[in-house]
Structure formats: structure tokens, C-alpha cells
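Undergrad:
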Amino acid sequence: MTSALLNLFQRFYPSDIQRVVIAGLSYGGKTTLLYLLKTGDVVTTIPSLGFNVEVVEAPTSSSGSNGSKNHLKMEAWDVGTGCAGSSMIIRMLRFYMPSAKALIWVVDSADKERLTESVETLDGVLADVDCEPDTADRHIPVLILANKSDQSNSIPLDKVRLSFSRVLSGRISAIYATSLTTNPPTGLPEAFDWLSLAIDIAKNAKKGPRAQLPVIVTSQEKSTAAQSSSKLSPVASQRDPSVLAKRLGEWLQRTESDSPPEEFMQQFEEYRLPSWDHYTHIRLAYLILIAHGRQKGKDIIFEGLSNYISNNNTTQTNARTFHVTMTYFWLQVVHFGIRNVPENLAPPHATTVQGTSSSQLPYPSSADFFKFLLINPHLVDGSLWSDYYTKDTIMSPEAKGSMVLPDKKSLPSLVGRDAVSGFGVAKPV
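Residue numbers for the sequence shown, in UniProt numbering: 1 to 429.
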């Protein structure tokens with residue numbers, strides 16, 4: 001399946017700029033790194049949901065013929081897992097690494113408690129990548145940034161290197177200490193000097209024959225599996241990273257065979273969609289919000305879903321009633337995902353989703369929806385609501401009949417993305 005997805009990826013995301021994946025555990029500084037490279041400034045961020053994608057020019061210490069510093073230009077994909085954990089990183093990266101020239105792994109060197117987890121997670125990622133036919137025979141350089149090295153409680157660099165030594169054995173790799181929030185940031189030019197050279201070396205360096213490595217899971221996954229392998233609840237089993245990774249692959253391939261956007265919307269209006277599942281609901285929200293904007297799109301979605309449930313003559317909807325809070329939740333998450341797509345990858349008219357549109361704009365293409373899903377893989381998780389709501393709250397009569405706010409944590413915020421997109425934009429006076 002990965003080979004087929006790689007073909008789709010290269011078709012829908014053609015780029016002559018080398019693609020690099022930025023990953024690691026939460027709170028390490030991945031998104032801070034991305035936007036420091038993009039804007040030159042430290043941007044206040046929150047744990048990312050989905051991918052942040054930017055074309056950046058990373059600083060190096062080498063100089064060109066004119067005396068100015070050289071830069072490493074790359075399309076950087078920052079992996080955001082929100083609160084999903086390390087197991088999600090392992091399972092999802094298999095779809096993104098085949099098209100990548102390198103992996104930047106960010107480590108919070110001030111967090112001694114999670115160093116082992118970071119090592120085991122990277123081990124799982126690389127083992128998974130080694131099992132894929134598209135990556136098994138080529139070297140993918142691994143640059144580890146031991147971030148927050150300026151803090152008094154940071155782990156010594158030699159200890160970080162020793163901790164990762166087994167995982168990196170036989171690979172093109174290096175570890176550098178960095179500090180992203182100091183003025184100026186430290187460690188990046190030297191690190192990207194190495195990465196630029198490593199990418200060039202990897203182009204001509206092939207791996208020797210090697211056995212297919214098993215997928216290595218983290219100690220946390222092993223413990224969880226041992227305790228509850230036969231007692232997983234329906235929600236827990238559906239949220240298993242391997243299940244979600246498989247579902248993402250199925251969704252991406254489904255964009256190729258599904259009805260074109262205009263036909264799909266006509267089927268919705270005539271109450272005869274070929275299926276009524278989570279994929280269908282996400283695609284409906286995506287198409288309508290892009291074409292009509294947030295305010296008008298919300299009204300169309302609410303009215304359309306209610307009418308479809310009432311008028312569909314099959315057992316497709318199982319006579320479900322319209323759930324106001326659940327619909328608001330998914331509308332907000334899809335809206336967040338649309339705004340999370342960088343302008344250079346979004347449909348030309350996608351900016352209208354921020355407000356209202358006086359007339360309907362063209363629906364985005366199936367290729368646009370493929371890109372949207374690739375940047376927002378968390379949307380395949382039909383139980384994502386459980387990160388924000390307790391079951392008692394969201395299944396209450398009040399939540400079904402009106403909007404109820406989350407009781408576990410706030411819904412995803414657009415503050416970070418909007419702050420970055422505002423850089424360099426003149427403000428009205």
C-alpha cells in the first residue's frame with residue numbers, strides 16, 4: 001500500500017525542493033524550529049495537531065562566492081500528534097518518510113524522564129521505515145537536535161549521543177546541541193552544514209542487503225498491550241495507531257476512486273450518497289467550508305445533515321438524530337485543518353473559509369482533498385472527540401440538542417497558525 005501512496009504523494013505534491021520531516025516527542029521544539037527557520041523569530045506555539053508544512057531556508061556556516069551565508073532550502077514537514085503519543089508517530093511516519101530526503105528528530109534535552117521514550121520512539125520509526133520497500137534500500141540521514149541545551153538541567157550532549165548510539169548504528173546520522181529560544185539561537189548553522197552534506201552523500205550511498213526488521217514498539221505500548229490486549233474497548237481498539245495508520249492509507253486511496261466534488265455534492269443534496277461514514281462527513285465539511293466560507297458553510301452543513309438524516313430512505317443513517325455538539329466539534333476541527341494548510345499547498349480560494357462568501361466558489365478537487373488529509377491525518381480518528389469531551393458530556397441530551405463546550409480541554413486554536421501567516425503582512429492603519 002505504501003508504494004501506491006508514494007505514487008499519489010509524488011503526483012499530488014510535486015516538488016523540486018527536497019522534503020525533510022521534522023519529528024520527535026511533544027514539547028521538544030519542533031514547531032518552534034519550523035517557524036524560526038521560516039520567519040527568523042520565535043513564535044509562541046501550542047502542541048500541533050496535524051502537519052505544519054513550510055518551505056524554509058535553514059542557515060549554514062558556509063559562505064558563497066559573494067561572501068553571503070549559504071542556506072539549505074527545503075520543504076519541512078513538522079509532525080504534530082497533539083496528545084496522541086509516540087505510538088502514533090511510529091505508525092503515521094511510514095506514509096511520509098518514503099518521499100523525504102532526511103529526518104530531523106528533535107529531543108527535549110531538559111526532559112530527562114522522556115529521553116528513553118524518545119530513543120525507543122525513533123527506534124520504532126526507523127524500524128518501520130526499514131520494512132518499507134521504498135526506503136529499505138536507501139539511506140535517510142537522521143539529524144538529532146538536542147534542543148534546550150541552554151537550560152541548567154539539560155542532559156549532557158555526550159549522554160544524549162550514548163543513548164541514541166545503538167539506534168543510529170550503521171546510519172548516516174549526527175547529533176547537535178541547539179537552543180532555539182536564546183538570542184541568538186545556537187547550534188543550527190553547524191547542524192544544517194552537516195545535513196546539507198549528508199543529503200548529498202545519501203544520494204549515492206545504498207544500503208547493503210539486510211533482513212526485514214520487525215516493527216519496534218515503545219515500552220509504553222508493550223505495557224498497555226500486555227495489560228489490555230484482550231480487553232480493549234471499542235473506542236480504544238479503533239484508536240490503536242496501527243488501525244488509524246491503515247485507515248489513513250485507505251482514505252488517501254479512496255480520494256482517487258470517489259465521486260468528483262460536484263457529483264458528490266449533488267448526491268448529498270439528493271440524499272443518495274454511496275456511503276454515510278466518517279470519511280463522507282469529513283469530505284462534506286471540507287468541500288462546503290471551502291466553497292462557502294465558515295459562516296455560511298456552517299449553516300449549510302447543519303441544515304444539510306439534518307435533512308439527509310430525515311429524508312434518506314435507506315438504513316444508511318440508521319435513523320440517527322442530528323447531534324449538535326458533535327457536528328460543531330467536527331466542523332471546528334475541519335476548519336482548523338483547512339487553516340493549517342499552507343497557502344502554497346491550499347486551493348486558490350481557500351482563504352474565504354475564514355469568513356463569509358457572497359457567492360459560491362468552485363469546490364476543491366480530489367487532489368486538494370488528498371493534500372488536506374495528508375497534512376491532517378488525525379481526522380481519520382473518529383473518536384478524536386474523546387480527547388476533548390468525556391463520554392457522559394458529549395452523549396448527554398443537552399449536547400445532542402445544543403452546543404456544549406468541552407469538559408476535558410479546549411478545542412484546537414488557530415492562534416499559532418494565524419500568528420505565523422501574519423508575518424510580513426501589512427496591517428491596515
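C-beta atoms are modelled at their ideal positions from N, C-alpha and C, and glycine is treated no differently.
1. For the structure I just gave you, are there three or more beta carbon pairs, one from the segment 18-35 and one from the segment 177-189, closer than 8 Å?
2. Which stretch, first to last residue, makes up the alpha helix (DSSP H) that contains Asp108?
3. Rank Tyr27, Leu373, Phe302, Gly304 by C-alpha distance to the C-alpha of Asn147 and give the top, closest one.
4. Start and end of the beta strand (DSSP E) containing Arg19?
5. Short of 8 Å in beta carbon distance, which residues of its chain neighbour Leu248, apart from the five on each side in sequence? Order them along the chain.
6. Counting pairs of Cβ atoms below 8 Å between the segment 382-401 and the segment 320-334, do you hit three or more?
7. Give me the DSSP bridge partner(s) of Ala177.
8. Measuring CB to CB, does Arg161 end up less than 9 Å from Ile172?
9. Within a Cβ cutoff of 7 Å, which residues of the same chain sit near Ser402, ignoring the five residues on either side of it in sequence?
10. Pick helix, strand or coil for Val42, following the three-state DSSP scheme.
11. Using the beta-carbon count (16 or more within 10 Å), is Ile288 buried or exposed?
12. Excluding the 5 residues flanking Val106 on each side, which residues of the same chain have their C-beta closer than 7 Å to its C-beta?
13. Leaving out five residues on either side along the sequence, give the residues of the same chain with a beta carbon under 8 Å from the beta carbon of Ser242.
14. Enumerate in chain order the residues of its own chain whose CB-to-CB distance from Asp78 is below 6 Å, with the five nearest sequence positions on each side excluded.
15. Enumerate in chain order the residues of its own chain whose CB-to-CB distance from Ala191 is below 7 Å, with the five nearest sequence positions on each side excluded.
16. At what residues does the alpha helix (DSSP H) containing Glu117 begin and finish?
17. With Thr393 as the anchor, note down where its alpha helix (DSSP H) starts and where it stops.
18. Expressed to the nearest angstrom, what Euclidean distance is found between the alpha-carbon atoms of Lys69 and Ser62?
19. Given that a residue counts as buried once 16 or more other Cβ atoms are within 10 Å of its Cβ, and exposed if not, what is Ile17?
20. Is the beta carbon of Phe369 closer than 9 Å to that of Thr255?
21. Taking 6 Å as the limit between beta carbons, can you name the residues of its chain near Glu57, skipping five residues before and five after?
22. In the DSSP output, what is Val56 paired with across the bridge?
23. Pick from Lys409, Lys298, Asn311, Thr280: whose alpha carbon is nearest that of Ser366?
24. Specify the secondary structure class of Ser152 as computed by DSSP and reduced to three states.
25. Rounded to a whole number of angstroms, what is the C-alpha to C-alpha distance between Arg138 and Pro59?
26. From Leu284 to Thr186, what distance separates their C-alpha atoms?
27. Taking only the alpha-carbon atoms, compute the straight-line gap between Gln316 and Val333 and give it to the nearest angstrom.
28. Cutting at 6 Å between CB atoms, please list the residues of its own chain near Glu263, excluding the five before and the five after it.
29. Alpha carbon to alpha carbon, what distance is there between Glu117 and Ser109?
30. From the DSSP secondary-structure annotation, give me the bridge partner or partners of Phe51.
31. Mind checking which residues open and close the alpha helix (DSSP H) that includes Phe264?
32. Measuring alpha carbon to alpha carbon, tell me which of Gly170, Met265, Pro189 ends up nearest Tyr363.
33. Who are Gly29's beta bridge partners in DSSP?
TA: So, from the data block:
1. yes
2. Unbroken run through Asp108 is the beta strand (DSSP E), 102-108; no alpha helix (DSSP H).
3. Tyr27
4. 19-24
5. Met92, Phe95, Leu373, Pro377, Val380
6. yes
7. Ala146
8. no
9. Val324
10. coil
11. buried
12. Ile22, Gly24, Gly28, Gly29, Lys30, Leu33, Leu145, Asn147
13. Arg91
14. Ile22, Lys30, Thr31, Leu34, Asn52
15. Leu143, Leu145, Tyr176, Thr178
16. 115-130
17. 391-394
18. 6 Å
19. exposed
20. yes
21. His71, Lys73
22. Met74
23. Thr280
24. coil
25. 26 Å
26. 46 Å
27. 24 Å
28. none
29. 12 Å
30. Val79
31. 261-269
32. Met265
33. Answer is none; Gly29 lacks a bridge partner.
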